[in-house]
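In the numbering used here, the protein residues as written are 73 to 290.
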């Protein structure tokens, strides 16, 4: 299995878990409405059936959440490593960018093509950023790296922000069931890695269809 495929699969697991929980939530809502609309059931019977479905919902959420957290761990382990692989290609890239910049020939498209060759190689990108920041600044790396720098202030220089922080934010959003933030962070993750999981694409389509359906009812 290639690294790109493995990243896509684990990214898809997060989106699949989000979809699973949303569907389970809607199913629970429908079942509760159905239970309390059933005139044949006693009040005690309604409460028993509701508890049954709520327990089923909680179990679904528990399993999905555990799988999503495991997927985030797998993604982090694949991206955030101490592995640094200096290569002739990297040296050539640094020389090319510096030379083209000095000559006024470095376009945004050309720069993006050069840096994208190291997409998903966080440590290599951090090294490239340090080597080239005096030449092109750090902004061109923002769309590729999970690490970054804090904003500099008077008497306080910019501080390095390690890539782990991105994944910790993702974990927190999952724990809070903040689908908006999770979707945003996962979108950023897939963009940085240059992948698009099938489950991620399906999740976005389902969410958009839900928004469109709600808009039509207003």
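By construction, the Cβ of each residue, glycine as well, lies at the ideal position given by its N, Cα and C atoms.
Check: First and last residue of the alpha helix (DSSP H) that includes residue 75?
Finding: Segment 75-109, the alpha helix (DSSP H) holding residue 75.
- request: Output the distance between the C-alpha atoms of residue 124 and residue 249, rounded to the nearest integer angstrom.
  value: So the two alpha carbons sit approximately 22 Å from each other.
Local Cβ density within 10 Å of residue 226, reported as buried at 16 or more and exposed below that:
That one is exposed.
- In three-state terms, what does DSSP make of residue 208? Of the three classes helix, strand and coil, the one that applies to residue 208 here is helix, per DSSP.
message: Let's test the definition: count the other Cβ atoms within 10 Å of the Cβ of residue 73 and tell me whether it reaches 16, buried, or not, exposed.
response: So residue 73 ends up on the exposed side.
Candidates 160, 88, 113, 126: which alpha carbon is nearest residue 137's?
Its Cα nearest to that of residue 137, the residue 88 stands out among 160, 88, 113, 126.
| Nearest-angstrom Cα separation, counted from residue 112 out to residue 273 | Rounded to whole angstroms, the gap between the alpha carbons of residue 273 and residue 112 is 43 Å.
| said: For residue 156, count the other beta carbons within 10 Å of its own beta carbon; 16 or more makes it buried, fewer makes it exposed. Which is it? | reply: The residue in question, residue 156, is exposed, as its Cβ has fewer than 16 Cβ neighbours within 10 Å.
Assigned secondary structure, residue 175 (DSSP; H/G/I helix, E/B strand, else coil): Here residue 175 sits in coil by DSSP.
| said: Using 7 Å as the threshold, is the C-beta distance between residue 216 and residue 264 below it? | reply: Yes, the pair counts as a contact, with Cβ atoms nearer than the cut-off.
- Task: Can you give me the start and stop residues for the alpha helix (DSSP H) that residue 159 sits inside?
- Result: Element bounds for residue 159: n/a, residue is neither H nor E.
Query raised in the report: Nearest to residue 214 by alpha carbon, out of 229, 224, 228, 188?
Result: It is 188 whose Cα lies nearest to the Cα of residue 214.
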